[in-house]
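Visitor: If you want the working numbering, it's the position in the sequence shown, counting the first as 1, plus 98.
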Amino acid sequence: MSFSSSLGLSLLPRCFSLPAIHYFNFGQLQISKEEINDVVLPKWADSPEDFIFKHRKALESEYVSAHLHEWIDLIFGFKQRGPAAVEALNVFYYCTYEGAVDLDALTDEKERKALEGMINNFGQTPCQLLKEPHPARLSVEEVLQKQTKNENSTLNLFQHLFELKSFFIEGISDGIPIVKAVVPRNQYRSFMSQGSPELLVTVNLNFIIGTHGWLPYDRNISNYFTFLKDQTVTNPKTQRNISGPFAPGLEIISKLFVMSHDAKLLFSGGHWDNSIRVTSLTKGKMMAQHIRHMDIVTCLAMDFCGIHLISGSRDTTCMVWQIVQQGGVPIGLAPKPLQILYGHTNEVSSVGISTELDMAVSGARDGTVIVHTIQKGQHMRTLRPPCESSLQIIVPNLAVSWEGHLVVHTSIEGKTSLKDKNALHLYSVNGKYLGSESLKEEVSDLCVTGEYIVIGSLQGFLSIRDLYSLSLSSSPLAMRLPIHCVSVTKEFSHILVGLDDGKLIIIGVGKPAEMRAGQLSRKLWGSSKRISQISSGETEYNTQDSM
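Here it is, written out as structure tokens:
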């Protein structure tokens, strides 16, 4: 795509965002009588979705970025008028310029209508905002160089997929699987606490809560992170537990637990009394319980901005809950659900939610995925992922991307062989089926971050797939033990993996050139004692095995 065409199309938002809008009745050609009603795709686009995807890639490409300032100069800047505009061949009919004609001052109605017709025909030039040349945008290489010089900047692991290193941390949950590990995304910081660790929260199969110190980046150590173990997890006298009991025979999985974005609250399902419980992460005590479902709560999910929580249950319903806030801080759930969503004929097994897109999504053991609106609880569509087998399929996992793409994991119930038992399916925000990919392993947990899907399996492989093609973006990492949970930190700097033996695996971009040997200690702001940081020489985890 040429520079001029890609920038020209930037004035047409539909060419970058709405593949589903089509069929406009523009009449017929005069000679052939052919109907003009839709866009004819160029040969380089396989589908409307592919057309939109490639246009967006072009708009964000290095070439467009390098020349974007030139377009700004022409449309809003110093080349809009005067000698610079003449030299740039950027001169338009005088009526199109702002302030060139005062229509209100014209007394001759014919002259006024004639000028209005000219303006409507030629268009309106935007306001001139700049009188000096606009600076060029930094290239990717220049941005990376600046980040390299910044002591506190993090590296996006998705930009370095072939440079990943894995490190393991023991002593958090020895021998007991970690079923949840996450760094909540909106932890509040005062000015005085800048530079001190945030919280990394873990939950193990014995329902012991750990709130560990976490800093994602440090040039002085070789593994690009600082981890401070919560000492209470190994001391029976100080351990904080999620109050039980949980339902007998229920599989304890990652989807039963959700953390508030400020790292203060933990929401849990799976309890024997069908409740959703709210636990204080700092005190380890139950603050509230909400019993609205008629059967066990099987899955929970929270939206990106922390406004709504969705729950799914064995009673075949989903409920959307408002998260109550006080002074901008989450303090619990509203007493009653905002919406009760129906439509499934079997146990709900996975849920996802996007407040920005007004989407509540649920998958069930009946093999369907249902999309409702949040605000009105309106049924939008029911999706049935394809399957060649005559056996019943279930939907153990699903995720909603920022743009509304639905990633659905299906598994064939009753099939013992792993071959073609599991598959990933992709749908657009409007429910259009976009493709499927067969999987060789049993998915235990997945999440979508940007343009990537991160998947953990019971066979012990961590894989990263492209969101749009569903193909592998890099070789899977062998964790050698069943994976129980995966999550990506908010800076996209690390992937957290909870293993069956209680190890926490932290995956990031490995070993900077300026690493120092041995262990280092330093005093962090807000901390009254000196802390020791982990050395990668002792914690590197071998993931060289391949599938």
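For glycine and all other residues, C-beta sits at the position ideal for the given N, C-alpha and C.
(1) Can we say the stretch 348-365 touches the stretch 398-407, given the rule of at least three CB pairs closer than 8 angstroms?
(2) Assign K278 to one of two classes, buried (16 or more other C-beta atoms within 10 Å of its C-beta) or exposed (fewer than that).
(3) Applying the 10 Å Cβ sphere with the 16-neighbour rule, what's the burial state of T508?
(4) Cα-Cα, which of A345, F325, N304, A462 is closest to P334?
(5) Hey, L496 and G441: beta-carbon distance below 8 angstroms or not?
(6) Could you check what DSSP says for D428 in three-state terms: helix, strand or coil?
(7) Taking C-beta to C-beta, are F256 and F590 nearer than 8 angstroms?
(8) Looking at the structure shown, is H442 part of a helix, part of a strand, or coil, going by DSSP?
(9) Do you know how far the Cα of T194 is from the Cα of E209?
(10) For the putative contact between G450 and V498, defined by C-beta atoms under 8 angstroms, what is the C-beta separation to the nearest angstrom?
(11) Looking only at its own chain, which residues have a Cβ that is under 8 angstroms from the Cβ of L297, when we skip the five neighbours before and after it?
(12) Can you tell me where the beta strand (DSSP E) with L297 in it begins and where it stops?
(13) Once the 5 residues before and after I170 are set aside, which same chain residues still bring their CB inside 8 angstroms of it?
(14) Return helix, strand or coil for Q473, following the three-state DSSP convention.
(15) Counting only runs that start and end within the stretch 125-158, where is the alpha helix (DSSP H) found for 4 or more residues in a row?
(16) So within the stretch 500-550, which uninterrupted alpha helix (DSSP H) runs reach at least 4 residues, ignoring any that extend past its ends?
(17) Is the distance from the Cβ of E539 to the Cβ of S555 below 8 angstroms?
(18) Report all residues from its chain with a CB closer than 6 angstroms to the CB of R154; omit the five preceding and five following residues, and keep chain order.
(19) In this structure, how does DSSP classify L560 when only helix, strand and coil are distinguished?
(20) In angstroms, rounded to a whole number, what distance separates the CA positions of F122 and M577?
(21) Under DSSP, the beta strand (DSSP E) around V395 begins and ends at which residues?
(22) Have a look at S488 and A521 and give me their C-alpha separation to the nearest angstrom.
(23) Quick check: what's the CA-CA separation for P146 versus S567?
(24) May I ask you to report which of helix, strand or coil DSSP gives F325?
(25) If we ignore side chains and look at the alpha-carbon of each, how far apart do L504 and V459 end up?
(26) In this structure, how does DSSP classify M357 when only helix, strand and coil are distinguished?
(27) Please list the terminal residues of the continuous alpha helix (DSSP H) segment that includes A164.
(28) Are the beta-carbon atoms belonging to I581 and L259 less than 8 angstroms from one another?
(29) Taking the alpha helix (DSSP H) that K211 belongs to, which residues open and close that run?
(30) Taking the alpha-carbon positions, what's the M216 to V138 distance?
(31) Applying the 10 Å Cβ sphere with the 16-neighbour rule, what's the burial state of P275?
(32) If I measure Cβ to Cβ from A186 and keep anything under 7 angstroms in the same chain, skipping five residues before and after, which residues do I get?
(33) Compare the Cα-Cα distances from Q490 to each of V595, I593, N444 and report the closest residue.
(34) To which residues of the same chain is W370 closer than 6 angstroms at the C-beta, ignoring the five residues directly before and after it?
(35) With three or more beta-carbon pairs closer than 8 angstroms as the criterion, would you say the stretch 426-435 touches the stretch 468-478?
(36) Report the option in C397, M385, I307 whose CA atom is closest to the CA atom of E349.
Guide: Well, looking at it:
(1) yes
(2) Counted from its first residue, the sequence shown places residue 278 at position 180. It counts as buried.
(3) The residue labelled residue 508 in the question sits at position 410 within the sequence shown. Answer is buried; the Cβ neighbour count reaches 16.
(4) As a first step, residue 334 must be located in the sequence shown, where it is residue number 236. Per the Cα distances, N304.
(5) As a working mapping, residue 496 is identified with position 398 in the sequence shown. As a working mapping, residue 441 is identified with position 343 in the sequence shown. No, they are not a contact pair.
(6) Here residue 428 corresponds to residue number 330 of the sequence shown, with the count starting at 1. Residue identity differs from the one stated: residue 428 is Pro in this sequence, not Asp. If DSSP states are grouped into helix, strand and coil, P428 belongs with the strands.
(7) To locate residue 256, count along the sequence shown from 1; it is residue 158. To locate residue 590, count along the sequence shown from 1; it is residue 492. Yes, these two residues count as a Cβ contact at 8 angstroms.
(8) The sequence position of residue 442 within the sequence shown is 344, counting from 1. Correct three-state label for H442: coil.
(9) The sequence position of residue 209 within the sequence shown is 111, counting from 1. The sequence position of residue 194 within the sequence shown is 96, counting from 1. When rounded, the distance between both Cα atoms is 16 angstroms.
(10) Counted from its first residue, the sequence shown places residue 450 at position 352. Counted from its first residue, the sequence shown places residue 498 at position 400. Right, the Cβ-Cβ distance comes to about 4 angstroms (below 8 angstroms), so this counts as a contact.
(11) For the purposes of this step, residue 297 is taken as the residue at position 199 of the sequence shown. Hits under 8 angstroms: V281, P282, Q285, T309, H310, G311, W312, A361, L379.
(12) Start at 1 with the first residue of the sequence shown, and residue 297 comes out as number 199. Start and end: 296-302.
(13) Looking up residue 170 in the sequence shown gives position 72. Hits under 8 angstroms: L228, H232.
(14) For the purposes of this step, residue 473 is identified with residue 375 of the sequence shown, where counting begins at 1. Here Q473 sits in coil by DSSP.
(15) Residue ranges of uninterrupted alpha helix (DSSP H) with 4 or more members, entirely inside the stretch 125-158 and ordered along the chain, are 146-157.
(16) Taking only runs of at least 4 residues, no alpha helix (DSSP H) segment lies wholly in the stretch 500-550.
(17) As a first step, residue 539 is located in the sequence shown; it is residue number 441 there, counting from the start. As a first step, residue 555 is located in the sequence shown; it is residue number 457 there, counting from the start. Contact: yes.
(18) Locating residue 154 in the sequence shown gives position 56, where the first residue counts as 1. Result list for R154: F114, in chain order.
(19) Start at 1 with the first residue of the sequence shown, and residue 560 comes out as number 462. Strand.
(20) Numbered from 1 along the sequence shown, position 24 holds the residue referred to as residue 122. Numbered from 1 along the sequence shown, position 479 holds the residue referred to as residue 577. If I take the Cα positions, the gap works out to 52 angstroms.
(21) Sequence index remark: in the sequence shown, residue 395 carries index 297 (1-based). Run containing V395: 395-400, per the beta strand (DSSP E) assignment.
(22) Mapped onto the sequence shown, residue 488 falls at position 390. Mapped onto the sequence shown, residue 521 falls at position 423. Their Cα atoms are separated by approximately 15 angstroms.
(23) Sequence index remark: in the sequence shown, residue 146 carries index 48 (1-based). Sequence index remark: in the sequence shown, residue 567 carries index 469 (1-based). If you take the alpha carbons of P146 and S567, they lie about 15 angstroms apart.
(24) Mapped onto the sequence shown, residue 325 falls at position 227. Reduced to three states, the DSSP call for F325 is strand.
(25) Numbered from its first residue, the sequence shown carries residue 504 at position 406. Numbered from its first residue, the sequence shown carries residue 459 at position 361. Each residue's alpha carbon lies about 9 angstroms from the other.
(26) For this step, residue 357 is matched to residue 259 along the sequence shown. M357 sits in a strand when the DSSP states are folded into three classes.
(27) For the purposes of this step, residue 164 is taken as the residue at position 66 of the sequence shown. Unbroken alpha helix (DSSP H) run through A164: 160-173.
(28) The count along the sequence shown starts at 1 and reaches residue 581 at position 483. The count along the sequence shown starts at 1 and reaches residue 259 at position 161. No.
(29) As a first step, residue 211 is located in the sequence shown; it is residue number 113 there, counting from the start. That run of the alpha helix (DSSP H) goes 207-220.
(30) Indexing the sequence shown from 1 puts residue 216 at position 118. Indexing the sequence shown from 1 puts residue 138 at position 40. Rounded to whole angstroms, M216 to V138 spans 31 angstroms at the Cα level.
(31) Reading the sequence shown from its first residue, position 177 is the one you call residue 275. Classification of P275: buried, given that the 10 Å Cβ count is 16 or more.
(32) As a first step, residue 186 is located in the sequence shown; it is residue number 88 there, counting from the start. Answer for A186: L172, K177, listed in chain order.
(33) Sequence index remark: in the sequence shown, residue 490 carries index 392 (1-based). Comparing Cα-Cα distances from Q490 to each of V595, I593, N444, the minimum goes to N444.
(34) Start at 1 with the first residue of the sequence shown, and residue 370 comes out as number 272. These residues qualify, in order along the chain: P343, A345.
(35) The stretch 426-435 makes no contact with the stretch 468-478; the number of CB pairs closer than 8 angstroms stays below 3.
(36) Taking the first residue of the sequence shown as 1, we reach residue 349 at position 251. Of the listed residues, the one whose Cα sits closest to E349 is C397.
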